[in-house]
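Colleague: Counted the way UniProt numbering counts, the sequence shown spans residues 1 to 299.
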Amino acid sequence: MSLSFAPSATSKMLRSVVPKCQQQAAAVAAARQSSRRFLSTTTTARTQPCRPTAAVSQRCNSGAQQQQPRRYKHKTVEEAKSRYRTGPFSWKAGALFVLTGGGLVWYFEFEKQRMQRKRVAEATKGVGRPKVGGDFELVDQNGKPFSSADLRGRYSLVYFGFTHCPDICPEELDKMAQMFDLVEAERPGALVPVFVTCDPQRDDPATLKTYLSEFHPRFVGLTGTYEQIKDICKAYRVYFSTPRDAKPGVDYLVDHSIYFYLMDPEGDFVEALGRQHSPDDAAKVILGHVKDWRGRIKQ
Numbered sequence: 001m002s003l004s005f006a007p008s009a010t011s012k013m014l015r016s017v018v019p020k021c022q023q024q025a026a027a028v029a030a031a032r033q034s035s036r037r038f039l040s041t042t043t044t045a046r047t048q049p050c051r052p053t054a055a056v057s058q059r060c061n062s063g064a065q066q067q068q069p070r071r072y073k074h075k076t077v078e079e080a081k082s083r084y085r086t087g088p089f090s091w092k093a094g095a096l097f098v099l100t101g102g103g104l105v106w107y108f109e110f111e112k113q114r115m116q117r118k119r120v121a122e123a124t125k126g127v128g129r130p131k132v133g134g135d136f137e138l139v140d141q142n143g144k145p146f147s148s149a150d151l152r153g154r155y156s157l158v159y160f161g162f163t164h165c166p167d168i169c170p171e172e173l174d175k176m177a178q179m180f181d182l183v184e185a186e187r188p189g190a191l192v193p194v195f196v197t198c199d200p201q202r203d204d205p206a207t208l209k210t211y212l213s214e215f216h217p218r219f220v221g222l223t224g225t226y227e228q229i230k231d232i233c234k235a236y237r238v239y240f241s242t243p244r245d246a247k248p249g250v251d252y253l254v255d256h257s258i259y260f261y262l263m264d265p266e267g268d269f270v271e272a273l274g275r276q277h278s279p280d281d282a283a284k285v286i287l288g289h290v291k292d293w294r295g296r297i298k299q
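(1) Output the distance between the C-alpha atoms of I286 and L262, rounded to the nearest integer angstrom.
(2) Going along the chain, which residues of its own chain have a beta-carbon closer than 8 angstroms to the beta-carbon of P228, five neighbours each way excluded?
(3) What do you get for V250, buried or exposed, if any count of 16 or more other CB atoms within 10 angstroms of its CB means buried?
(4) What do you reckon, are the CB atoms on G133 and G267 nearer than 8 angstroms?
(5) For T242, which of helix, strand or coil comes out of DSSP?
(6) Scan the stretch 121-205 and note each continuous beta strand (DSSP E) run of 3 residues or more that stays entirely inside, going in chain order.
(7) When the Cα atoms are used, what is the spatial distance from E184 to D264?
(8) For G189 and Y155, I'd like the C-alpha separation in whole angstroms.
(9) Do you know offhand how far S163's Cα is from L99's?
(10) For F260, which residues from the same chain have a beta carbon less than 6 angstroms from its beta carbon, with the 5 sequence-adjacent residues on both sides left out?
(11) Going by C-alpha to C-alpha distance, which of G288, T210, K284 and Y226 sits closest to Q141?
(12) Contact defined as beta carbons within less than 8 angstroms: I believe T197 pairs with T223. What is the distance between those atoms, to the nearest angstrom?
(13) Taking the alpha carbon of V194 as the reference point, which residue from A93, L151, R275 and Y239 has its own alpha carbon closest?
(14) Roughly how many whole angstroms lie between the Cα atoms of F219 and L253?
(15) Taking just the CA atoms, how far does R275 sit from D255?
(16) Do I258 and G153 have their C-beta atoms within less than 8 angstroms of each other?
(17) Can you list, in chain order, the residues of its chain with a C-beta nearer than 6 angstroms to that of C233? Leave out the 5 residues immediately preceding and following it.
(18) What number of angstroms, rounded off, separates the C-alpha of T225 from the C-alpha of G161?
(19) Among residues of its own chain, excluding the 5 on either side of V270, which ones have a beta-carbon nearer than 6 angstroms to its beta-carbon?
(20) Give every residue of the same chain whose Cβ lies closer than 7 angstroms to the Cβ of E186, excluding the five residues on either side of it in the sequence, and list them in chain order.
(21) Is L182 closer than 8 angstroms to A283 when the C-beta atoms are compared?
If you want it as structure tokens, here you go:
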């Protein structure tokens, strides 16, 4: 028995089967292609870091800023440019430089003056040089004994003159009073002003007290016998021409040296102040030596 199909039925069957196969093949190809894309995307994600979003980046940056301190104090680039435009110098650095330079200049000038005063003071104590000053025993304007030991422990300013001097001694005693007041204002009790007469025949204690009271109440007046005055003038290298046997009532002049002798607390000669020194200049010299003294000054 033989079967026979009609052509129309066979063609219809084939037409229905072929599209289904094509659809299945297309589906399989699409699945393969999607799997390939997935694998390539996964591989790329493993090899390349992911890019954070703007929000995540901002949070990360804020966290890093909180953990690490800022390394720059300038907020903007303009501030940094203006800072570096002036360089490392500023008004503070300039002021510090000026103050430091001024301090160094003052220190070196002070040391220079101190060393000069030290050389002057030590020059009179050198070996082979004549020493100015020495021990003495006289009488003050109150009639009490007064010796060189009474001047120990303080600086003394010694001047030689006489009460009958017409002009030089009054001028120098006025100057001596100004010098003493200037020193006393800075260093009270450090200086003793002493007036030694070169005319013991006419300058007794009472005469000295009346005469010196016109210049300053703190002046110490000293007198004694002719031999005592001669010895102290010789010790201080003072020239005077007082006659030995002058008679009372006879008027005469006495030539003497015009210097102020500055003596230190140990009785050693420091410096001679002459007429070229003004009261201010002489007071500065005296105060400089007083400040340089390392020992104790009796008040």
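C-beta: ideal position from N, C-alpha, C; glycine also.
Modeller: In this structure, then:
(1) 8 angstroms
(2) In the sequence as displayed, the identity of residue 228 is Gln instead of Pro. Counting only Cβ-Cβ distances below 8 angstroms, and skipping sequence neighbours, we find F136, E137, L138 and P200.
(3) exposed
(4) yes
(5) coil
(6) 137-140, 145-147, 155-161 and 191-197
(7) Approximately 16 angstroms, taken between the alpha carbons.
(8) Distance between the alpha carbons of G189 and Y155: 9 angstroms.
(9) The residue asked about is misnamed: residue 163 is Thr in this sequence, not Ser. Spanning the two alpha carbons is a distance of roughly 53 angstroms.
(10) L157, Y159 and L273
(11) T210
(12) 5 angstroms
(13) L151
(14) 23 angstroms
(15) 16 angstroms
(16) The criterion of a C-beta distance shorter than 8 angstroms is not satisfied by I258 and G153.
(17) F240
(18) Going from the Cα of T225 to the Cα of G161 covers about 15 angstroms.
(19) A121, L262, D264 and H289
(20) L287
(21) yes
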